[in-house]
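Numbering (my numbering), first residue to last: 1 to 143.
Positions of the beta carbon are idealized from the N, C-alpha and C atoms, including for glycine.
Note that this is a predicted model, so its numbers are computed, not measured.
What follows is a short report on a single structure.
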Amino acid sequence: MEFKKILVPVDFSENSQKILGSACDIAEKFGAKLSVVFVVQSFDDYSGFFVPHMPVAQFEEEMVQGAEKKMETFLGGCAGVESKVLVGDVGEEVVRHAQDAGIDMIIMGTHGYKGLEKVMFGSVAEKVVKSAPCPVLTINPYK
Numbered sequence: 001m002e003f004k005k006i007l008v009p010v011d012f013s014e015n016s017q018k019i020l021g022s023a024c025d026i027a028e029k030f031g032a033k034l035s036v037v038f039v040v041q042s043f044d045d046y047s048g049f050f051v052p053h054m055p056v057a058q059f060e061e062e063m064v065q066g067a068e069k070k071m072e073t074f075l076g077g078c079a080g081v082e083s084k085v086l087v088g089d090v091g092e093e094v095v096r097h098a099q100d101a102g103i104d105m106i107i108m109g110t111h112g113y114k115g116l117e118k119v120m121f122g123s124v125a126e127k128v129v130k131s132a133p134c135p136v137l138t139i140n141p142y143k
């Protein structure tokens, strides 16, 4: 199996930085192109629960713009890395992007932000592993 396109979902945490470092090394060994995505959690699911001070669409748009700026900083000097900010359910969007972009391997962490790690990234990693169209390499950033 050839790995020409590797996808790395990130949440901008310190752990994501470690995972990205490992993914860069792996991509280099395979001569693969690295693609990094951040998913802004869609608020469509929550729209019935609260009335925000601004329209949900405007809030999501601002979240996307903020995430795009953060992505530039996060990637720093990583040359030749393509990046994208998506909106929706994190696990579903990672899998959809992998399918649409013809990704050969997904590299992701087993843990995201501390405290949220079991709630957020544990379940995201599980969802991606179960439904990804390609192999998924999970890395425990604490090891």
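Can you name, in chain order, every residue of its own chain whose Cβ lies under 7 Å from the Cβ of residue i, other than the five neighbours on each side?
i, result
"L75", "V36, V81, S83"
"A132", "V95, A98, I106"
"F12", "F38, K70, F74"
"G88", "V39, S42"
"A23", "I6, V8, L34, I107"
Considering only residues of the same chain and omitting the five flanking positions on each side of residue i, which have a CB-CB separation below 6 Å?
i, result
"E103", "Inspection of the sequence shows that residue 103 is occupied by Ile rather than by Glu. Cβ neighbours of I103 beyond the five flanking positions: K5, L7, C134."
"V94", "P9, V128"
Which residues bound the beta strand (DSSP E) around residue i?
i, result
"F3", "No beta strand (DSSP E) holds F3; DSSP gives it neither H nor E."
"V10", "From DSSP, V10 is part of no beta strand (DSSP E); its letter is neither H nor E."
"A40", "One detail in the question is off: residue 40 reads as Val in this sequence, not Ala. First-last of the beta strand (DSSP E) with V40: 33-41."
Taking the alpha helix (DSSP H) that residue i belongs to, which residues open and close that run?
i, result
"G91", "90-101"
"K143", "K143 -> no alpha helix (DSSP H), and no H or E assigned at all."
"A27", "14-30"
What does DSSP give as the partner residue(s) for residue i in the beta ladder?
i, result
"M108", "T138"
"S123", "Beta-bridge pairing links S123 to no other residue."
For residue i, count neighbouring C-beta atoms within 10 Å of its own C-beta (all shown protein chains included) and say buried if the count is 16 or more, exposed if not.
i, result
"G91", "buried"
"N15", "buried"
"G109", "buried"
"A57", "exposed"
For residue i, which residues of its own chain have a beta-carbon under 8 Å away from its beta-carbon, when the five flanking residues on both sides are left out?
i, result
"V85", "V37, F38, V39, V40, V64, A67, E68, M71"
"E60", "V40, S42, F43, V87"
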